[in-house]
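Scroll down for the structure; my scribbles are underneath it.
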Amino acid sequence: MSGHEIVLSVRGATKVYPGTQALKGVDFDVRAGAVNVLVGENGAGKSTLMKIIAGVEQPTEGQVLLRGEPVTLSGTAEAARHGIGIVFQELNLFPNMTIAENIFIGREKTRLGVDIDAGAQNEAARRLMERLEHDNPPDAKVGDLRIGEQQIVEIAKVLSQDARILIMDEPTSALSAAEVDILFRVIGELKSQGVAIVYISHRLEELVRIGDYITVLRDGRITGSQEMAQVDVPWIVRAMIGSASKDFAKTIHHEFGREILSVADMTLPRKGGGFAVDHVSLSLRAGEIVGIYGLMGAGRSELFDCIMGRQPGAKGRVTLDGAELAERSIHGRIKRGIALIPEDRKAEGLVQILSVTENMAMSSLTAFTRAKVHLDVNRERETVASYVKRLAVKVAGLDNPVSSLSGGNQQKIVIGKALMTGPKVLLMDEPSRGIDIGAKAEVFRVMRQLAAEGLGILFVTSDLDEVMELSDRIIVMANGRITGEMERKDATEERVVALSAPDGSGRHRAATEQNKELVL
Amino acid sequence: MTANAISDRAPARDLSIPLLILKARTFIALIAVVLFFSAAAPNFLSTANLIIMSEHVALNAFLAIGMTFVIITGGIDLSVGSIVGLCGMVAGYLVLNGVAIDLVGYTVFFNTAEIVLITLLVGIAVGFVNGILITRLNVAPFIATLGTLYVARGMALLSSDGATFPNLRGSAEWGTASFPLIGAGSFLGVPVSIWTLIVVGLGAAYLASRTPLGRYIYAVGGNERAAALSGIKVNRTKMFVYMFSGFCAAIVGLIIASQLVASHPATGETFELNAIAAAVLGGTSMSGGRGKIGGTIVGAFVIGILSDGLVMMGVSSFWQTVIKGLVIIAAVVVDQFQQRLQQKIALQRQAALGR
């Protein structure tokens, strides 16, 4: 495979963020006409490395070489001039604009540099969507599309830039099996045109399927770099997680109690027809951990919103510990003993400018009052300090703004906030999102411990390993419906993945069967 | 190597003193202003002058306290100036005319305490309307309170057809002879309005720092969605701040009507801008989540003393306006600087701890 020329290389890249070092002297080569796979745990530094290549971030030390010449990429615009395009993990779309407008945002096709040529844009957008085999009209509003379709728009946006180096940061996280196949076909075409593709994912089966070169990152360092043909899955796993095994704190054995939460016939209509949550019923016992697996947009988070009373349009019964939750307000439901740890920590979990103490005590302030008015600040601090200790949160001071903490510690603050309300049921939406592997293991240990203490935990994840390792029982969702439910001992990866396909296609089953020994 | 890279940038201990100075900047500015005018303007430090100035400042300080809570929740209340005017007219009307109850043919006159109560309720009611518009009908705070600004002012003008209610001395017969004392009375040599400010100021500061409601106000402004998800009653919190702002404005309306022994429907025009200025000068962030009652009161004093002092020095009122504007801009620029520094220090401490 020496025919693949190195078009871009990163040498000795180090990136220091306040409080954490994301990259530690990383060397990385990108070869033209090939799929360069980058793999690593959450928080290993993949996204940071990509941001450096795409000009979003500048390395603290080290340099980027483009065809052997050192370049400074001071912004995405400059990176784009050098032919570098990136599909970000988070969707960077404007929901209030059309598909065509989104694709050409910042680079509008104009007449005389002023008047936007909507016709030409729509035509070009239509051709791009056709290439990706999607039939949404170019003037459809992006906000009305499914998440998976939005991801396609994001990909179309980068394709339209004719990038020579194309970075894709987990492009398939919300795509169905059929859509993944289409994407891979497009990637194949681009490869034959000599485009260098950097592909990030933690779905090993995908990587093995399309990768030509693989680079593994762990904790900010490269732990392996090889041609894909030379490696096997055990090699990847070893490089990814090191000698330490993936310790997700195996079950502390305990008996489950009575049914503590039951959801009956929960329904939430979707904007533009259909259901975001489609007649979902489930039950949870005290001390049990139930994992809900599904792709982005499967209705998992919406289900949690319904249970919490955040969706006024939701219909269905929620019964907590034998009594029906009649309260429509979040406040009322928290008081009854149900707490949600949201997926988006920054937007929904924390008030960034307030201190650790203020954030953690926020849900349970009335517990520290005299006559419901006077706040006993000392008692509040003591309680917060005890939770900080119990959850092993690393903080320099309880009065520091919560924004100064690392992701894992912030997550523990959110968990602490929920625990301080004395819940019976904990709903956790992607509890390990955006935290590093050490913190992840600790969060899982905490979850296990809480379950052993008799809490019922319902969690949502799109990480297959996580749902397999952590759950006592697994529920799979797709298109707002529960498509399968099984005890952990009856679950296999293939079964879970097949059930999670939004189109319920057999094609996906075939694809996973083919790679089943490759899945972790 | 990394540890060096972090600590080389700036050691933590070196930043804490500048930060302390920055944090106390409004207070330092107050001292500077006082020192400057006591040198530049004769009689500036005389007791009589200080009391007069404090009375001026108090009016703005009341409004600024209410405004601070509103701004901390991420909102704005443009209607306070109009509420001042409307409440002044309500008080004036009640002192002069009482309320005619047509059915019975009686006219009911209220005593001073009742008038005060009714007037305060009117202010709270306008705040209630603001709150309903913002929380239930989802009108942006700027627009909702702009609307009530016009409506309340219009009602004030309608109440007297634009005329002034003169000679509000009250009468012993109806128990309103004490009405002028709200503005003119004093206790231990300190005017009633100052005492009221002390009570309201301390109450508001206590509310902000030592009650759940105070925390909720900060949380709602810092991140409304996270606050709601934490079980905070966001709408109720917002209702409170607008009603409290209306309450503060009603106090000002009462004091002015009593001090002048007359109420004029145009009273309080542009007061809302001074209140916003005092809050911002005191370190309240317009994007919500941050601000202190103490800071706001000091901010109100800086603005008030600045304008009174400049008058005493004989500086043209046009220049006064320019200077006031520059001071506000400078305050916000320094505030941004402080925020960055503070963030840096917190991050350094966290970095020193390791991950």
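Protein sequences, first through last, are from chains A and B.
So that you can map any letter, position 404 of the first sequence is 404 in our numbering, and since no number is skipped, the others follow by simple counting.
So that you can map any letter, position 227 of the second sequence is 227 in our numbering, and since no number is skipped, the others follow by simple counting.
By construction, the Cβ of each residue, glycine as well, lies at the ideal position given by its N, Cα and C atoms.
For a Cβ distance threshold of 8 angstroms, nothing in chain A lies close to alanine 279 (chain B): the least Cβ distance comes to about 17 angstroms. In the structure shown, the three-state DSSP call for glycine 147 (chain B) is helix. DSSP, read as helix, strand or coil, puts valine 190 (chain B) in strand. For valine 261 (chain B), the secondary structure class from DSSP, reduced to helix, strand or coil, is coil.
Close to valine 377 (chain A), with beta-carbon spacing below 9 angstroms, are these residues of chain B in chain order: Ser209 and Arg210.
Here phenylalanine 275 (chain A) is bridged, per DSSP, to A:Pro269. Distances from the alpha-carbon of serine 173 (chain A) to those of A:Met296, A:Glu154, A:Arg164 and A:Thr76 put A:Met296 closest. Not flagged as an interface residue toward chain A: glycine 74 (chain B), since no C-beta distance is shorter than 7 angstroms. Listed by position along chain A, the residues whose Cβ is nearer than 8 angstroms to that of alanine 227 (chain B) are Val351 and Met362. According to DSSP, residue pairing for proline 401 (chain A) in a beta bridge involves A:Ser355. Residue contact check for glycine 123 (chain B) against chain A: no CB pair falls below 7 angstroms.
Residue-level contact check: asparagine 96 (chain A) does not touch chain B, since none of the beta carbons of chain B fall below 7 angstroms from its beta carbon.
Counted as a single uninterrupted DSSP element, the stretch harbouring serine 192 (chain A) is not any beta strand (DSSP E) but the alpha helix (DSSP H) occupying residues 177-192. For glycine 397 (chain A), the residues of chain B that pass the 7 angstroms Cβ criterion are Arg349, in the order they occur in the chain. At a cut-off of 7 angstroms, the C-beta of asparagine 223 (chain B) has a neighbouring C-beta in chain A. Asparagine 97 (chain B) counts as exposed, since fewer than 16 other C-beta atoms from the protein chains shown sit within 10 angstroms of its C-beta. Pairing isoleucine 435 (chain A) with glycine 408 (chain A) gives a Cβ-Cβ distance under 7 angstroms.
Put simply, of A:Val290, A:Val393, A:Val37 and A:Met477 the residue whose alpha carbon is nearest the alpha carbon of arginine 209 (chain A) is A:Val37. Interface annotation, arginine 236 (chain B): not in contact with chain A, CB-CB separation never under 7 angstroms. Leucine 499 (chain A) is a Cβ neighbour of threonine 483 (chain A), given a cutoff of 7 angstroms. Remark: C-beta atoms of alanine 41 (chain B) and methionine 312 (chain B) approach each other more closely than 7 angstroms.
The stretch 50-62 of chain A makes contact with the stretch 5-22 of chain A; the number of CB pairs closer than 8 angstroms reaches 3 or more.
The Cβ atoms of serine 364 (chain A) and methionine 428 (chain A) lie no closer than 7 angstroms to each other.
Burial of glycine 349 (chain A) is indicated by the presence of at least 16 other C-beta atoms within 10 angstroms of its C-beta. Taking all protein chains shown into account, proline 312 (chain A) has fewer than 16 neighbouring C-beta atoms within 10 Å of its C-beta and is therefore exposed.
Contact with chain A is absent for lysine 292 (chain B), since none of that chain's Cβ atoms lies less than 7 angstroms from the residue's Cβ.
Between glycine 309 (chain B) and glycine 282 (chain B), the C-beta spacing is not below 7 angstroms.
Asparagine 130 (chain B) has its alpha-carbon roughly 33 angstroms from the corresponding atom of lysine 23 (chain B). Counting the other Cβ atoms within 10 Å of the Cβ of glycine 274 (chain A) gives fewer than 16, which makes it exposed. Considering only beta carbons, no part of the stretch 327-342 of chain B lies closer than 7 angstroms to chain A. Proximity of chain A to arginine 215 (chain B) at the Cβ level (cut-off 9 angstroms) is accounted for by Leu354, Glu358, Ala361, Met362, Leu365 and Leu375, in chain order. For phenylalanine 36 (chain B), the enclosing alpha helix (DSSP H) has its first and last residue at 25-40.
What isoleucine 330 (chain A) touches in chain B, judged by beta-carbon distance under 7 angstroms, is Ala228, Leu229 and Gly231, going in chain order.
Shown here, asparagine 43 (chain B) sits in coil according to DSSP, grouped into three states, outside any helix or strand.
Looking at A:Met477, A:Glu453, A:Val497 and A:Pro431, the one whose alpha-carbon comes closest to that of leucine 470 (chain A) is A:Pro431.
By the Cβ rule, the stretch 246-254 of chain B counts as touching the stretch 65-84 of chain B, because three or more pairs are nearer than 8 angstroms.
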